[in-house]
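Asks: If you scroll down you'll find the structure; I have some questions about it.
Number of protein chains: 2
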Amino acid sequence: MANYVFGVDVGGTTVKLGLFDIDGNLLDKWEIPTRTENNGAAILPDIAASVQDKMAEKSIAKDDVAGVGIGAPGPVDGAGVIHKAVNLGWSEMNLKKVLTDLLGGMNVEGGNDANVAALGEMWKGGGQGCKDLVAVTLGTGVGGGIIVNGRIVTGANGSGGEIGHIHVEDHEEVPCNCGNYGCLEEYASATGITRLANRKLKESDKDSVLRQGEVSAKSVFDAVKAGDELAVEVARQFGEYLGKALAVIAGVVNPEVFVIGGGVSKAGEVLFDYICPAYGKNVFHGSRDTKFVLATLGNDAGIYGAAKLVLD
Amino acid sequence: MANYVFGVDVGGTTVKLGLFDIDGNLLDKWEIPTRTENNGAAILPDIAASVQDKMAEKSIAKDDVAGVGIGAPGPVDGAGVIHKAVNLGWSEMNLKKVLTDLLGGMNVEGGNDANVAALGEMWKGGGQGCKDLVAVTLGTGVGGGIIVNGRIVTGANGSGGEIGHIHVEDHEEVPCNCGNYGCLEEYASATGITRLANRKLKESDKDSVLRQGEVSAKSVFDAVKAGDELAVEVARQFGEYLGKALAVIAGVVNPEVFVIGGGVSKAGEVLFDYICPAYGKNVFHGSRDTKFVLATLGNDAGIYGAAKLVLD
């Protein structure tokens, strides 16, 4: 039986790699640049070379490695085919097969980065001990990962867990990046919170610390903590949208726990003061007791989850 | 290897039973009354006796039966415990264990009736050949079943697939049966369609065949087929709510197919003319090609799915 497993998280500018023992202890982690030129042709060869270098450095034999898991930013189906990764320059490619070949036949599993991060949080993060979990990443956009019975919900073509594009507002006039109107991402991402705050500042003539300096998700929640009334109104709007969306998700998959991560989650548990009332108001009673926790693995969730992909 | 399997679907007035071969051919089906007196104490013993009578009648030996699957109207968790079944008088009970004991140790699996029906439609109905499927039952209420990778999404406490209580309207003043406001069931069930129609008849002074006779989901869709303008407006509202809700569900689990069943689905494919435009408008592009089909097993979906529970 193998003792080691690699987890790889491919981002638009850097690739994060981790070497783990099969109990999930992180033994080493490092990064390489993501070379997106030539439609990202060098990315997988660079990853394979980096994994092989690490094996040589640590004198790890090939048959002592359970495999290499890889998360990438795009829809990845159950066969390990990524259907498009705009940020990397990739069009449709069989991640699993190409990387296996580059690694001389090593076991490879692939998944969408947000889904894989959710698996990481289940394995070693905020959702430890749970097997039905929804991870929500509040960053520039809103990402998600749905875990049912310990496994990622990939969906028919790798679009499972695309919760940033859940429709939550019927009267939005500004389109989302996806082209639709009223997606969750327009209100609950860092960008969305900033937008809500700027809108509120324009509509209201209330005094606010947000009128000084640049408005951001961070400045909004800092102001909330300082008791700024206008910021509290913005937080309430954010919470209404996100709470309502999570209530709908709970109606579909009835998770044990929501794990909230991403840059916005650095605001901490104050987020729950705004999310949970709206959640409670809209959710079916069977999911009323679902827990809310913060993600704990930060940027390492992806490498943890990628490693776990191989071990499942 | 066993050749037979039983599927049991417990309803509020009758229990449906089916005997299948393990390829899913229905060999015999019958019903017994549901005796709800004494908190439904006789229901499981009656079922066990009926199964044993059928085995005697057909000279089927115990070890030639793969097991007995049972669907019941309430949340059933992964361990086969039903948490409440108001219509049957049951409070918390381990369906799997109690029925196994009554059947002298035969293999028993239990699930929620709507979830089990979804599994039936996947196995032998409208969703045949798919493994990621969402079944929607438009009856007196709105029920649902989510199948991911061939398996029912049970959820943390058996409330997976409770899609009738997804929040779809922020401005509703009449509460749903569940106590919340603006649930899908308030607009897309037979009762909900009737309510939408009566509301529209009151608001509008447009002529309509719906002004003659009793308004029902059936009369609304009959009028739609006859080109009645007011009925078409009602169908549009129904489609807006249901299409929007299914788009959200697709954002969570990205199914291959939606299987639409229940009494309202007897209207036929005309439903899709109203559901699909709203779905297309709100759905994330990764799920734009999800198919819509009608359920084909009718009231037998439950016994098929219950039998399949045992074979999984």
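For the record, the sequence lines run as chains W and R.
With my numbering applied, the first sequence has no gaps in its numbers, which climb one by one up to 320 at the end.
With my numbering applied, the second sequence has no gaps in its numbers, which climb one by one up to 320 at the end.
Using N, Cα and C, we set each Cβ at its ideal position, and we do this for glycine too.
With a threshold of 9 Å between beta carbons, is residue 252 of chain W in contact with chain R?
Replies: yes
Asks: Can you confirm whether the stretch 276 to 286 of chain W touches the stretch 187 to 203 of chain R when touching is taken to mean that 3 or more C-beta pairs between the two stretches lie within less than 8 Å?
Replies: no
Asks: With H, G and I counted as helix, E and B as strand and the rest as coil, what does DSSP make of residue 130 of chain W?
Replies: helix
Asks: Taking CB distances under 9 Å as the criterion, tell me whether residue 84 of chain R reaches chain W.
Replies: no
Asks: Compile a chain-ordered list of the residues in the stretch 122 to 155 of chain W whose CB is closer than 7 Å to at least one CB of chain R.
Replies: 140 and 154
Asks: Under DSSP, the beta strand (DSSP E) around residue 41 of chain R begins and ends at which residues?
Replies: 34 to 41
Asks: Would you call the stretch 281 to 291 of chain R in contact with the stretch 247 to 259 of chain R, where contact means no fewer than 3 C-beta pairs closer than 8 Å?
Replies: yes
Asks: Cβ of residue 320 of chain R within 9 Å of Cβ of residue 117 of chain R?
Replies: yes
Asks: How big is the Cα-Cα spacing for residue 184 of chain W and residue 223 of chain W?
Replies: 20 Å
Asks: Look up residue 253 of chain W in the DSSP assignment and say whether it is helix, strand or coil.
Replies: Helix at residue 253 of chain W.
Asks: Reducing DSSP to helix, strand and coil, say where residue 17 of chain R ends up.
Replies: strand
Asks: I want to verify the contact list: residues of chain W whose CB lies under 9 Å from the CB of residue 67 of chain R, in sequence order.
Replies: Contact note: residue 67 of chain R does not reach chain W at a C-beta cutoff of 9 Å; the least C-beta distance is about 39 Å.
Asks: Ignore the nearest five residues each way along the sequence and tell me which others in residue 132 of chain W's own chain have a CB closer than 7 Å to its CB.
Replies: 32, 305 and 312
Asks: Is DSSP giving residue 292 of chain W helix, strand or coil here?
Replies: coil
Asks: How about residue 43 of chain W and residue 36 of chain W: are their beta carbons less than 9 Å apart?
Replies: no
Asks: DSSP state of residue 63 of chain R, grouped into three classes?
Replies: helix
Asks: Name the DSSP beta bridge partners of residue 84 of chain R, please?
Replies: Under DSSP, residue 84 of chain R takes part in a beta bridge, and its partners are R:90.
Asks: Under 7 Å Cβ-Cβ, which residues of chain R neighbour residue 292 of chain W?
Replies: Result: 167, 170, 173 and 186.
Asks: So, does the CB of residue 283 of chain R fall closer than 9 Å to a CB anywhere in chain W?
Replies: Chain W contact via Cβ: absent.
Asks: Check distances from the C-beta atoms of the stretch 294 to 314 of chain W to those of chain R and list, in chain order, the residues that come in under 9 Å.
Replies: The stretch 294 to 314 of chain W vs chain R, Cβ under 9 Å: 294, 295, 297 and 298.
Asks: Can you give me the C-alpha to C-alpha distance between residue 49 of chain W and residue 98 of chain W, rounded to a whole angstrom?
Replies: 8 Å
Asks: Taking 9 Å as the threshold (beta carbon to beta carbon), is residue 316 of chain W in contact with chain R?
Replies: Put simply, the CB of residue 316 of chain W is far from chain R, with every gap to its CB atoms at 9 Å or more.
Asks: So within the stretch 98 to 171 of chain R, which uninterrupted beta strand (DSSP E) runs reach at least 3 residues, ignoring any that extend past its ends?
Replies: 116 to 120, 141 to 146 and 150 to 156
Asks: Please go through the same chain and pick out, in chain order, the residues whose beta-carbon is closer than 6 Å to the beta-carbon of residue 291 of chain W, but skip the five residues on each side of it.
Replies: 255 and 258
Asks: To which residues of the same chain is residue 123 of chain W closer than 6 Å at the C-beta, ignoring the five residues directly before and after it?
Replies: 153, 160 and 169
Asks: Give the range of the beta strand (DSSP E) segment to which residue 311 of chain W is assigned.
Replies: According to the DSSP assignment, residue 311 of chain W belongs to no beta strand (DSSP E) but to the alpha helix (DSSP H) extending over 309 to 319.
Asks: How big is the Cα-Cα spacing for residue 173 of chain W and residue 197 of chain W?
Replies: 11 Å
Asks: Put residue 192 of chain R into one of helix, strand or coil per three-state DSSP.
Replies: Coil, per DSSP.
Asks: For residue 64 of chain W, does the count of other Cβ atoms within 10 angstroms reach 16, so buried, or fall short, so exposed?
Replies: exposed
Asks: Using a Cβ-Cβ cutoff of 9 Å, what residues of the stretch 249 to 280 of chain R are near chain W? List them in chain order.
Replies: 252, 253, 255, 256, 257, 258, 259, 260, 261, 262, 263, 264 and 265
Asks: Just the Cα atoms here: how many angstroms apart are residue 225 of chain W and residue 72 of chain W?
Replies: 45 Å
Asks: Apply the 10 Å Cβ neighbour rule to residue 114 of chain W and answer buried if 16 or more other Cβ atoms are within range, or exposed otherwise.
Replies: The residue in question, residue 114 of chain W, is buried, as its Cβ has 16 or more Cβ neighbours within 10 Å.
Asks: Quick one: measure Cβ to Cβ for residue 77 of chain W and residue 315 of chain W, integer angstroms, because I've assumed they're closer than 8 Å.
Replies: Between the beta-carbon of residue 77 of chain W and that of residue 315 of chain W there is about 5 Å, and that keeps the pair under the 8 Å contact cut.
Asks: Let me make sure I understand the geometry here. Which of R:59, R:40 and R:21 has the alpha-carbon closest to that of residue 74 of chain R?
Replies: R:59
Asks: Are the C-beta of residue 289 of chain W and some C-beta of chain R separated by less than 9 Å?
Replies: yes
Asks: Can you have a look at residue 9 of chain W and say buried or exposed, based on whether 16 or more other CB atoms are within 10 angstroms of its CB?
Replies: Classification of residue 9 of chain W: exposed, given that the 10 Å Cβ count is below 16.
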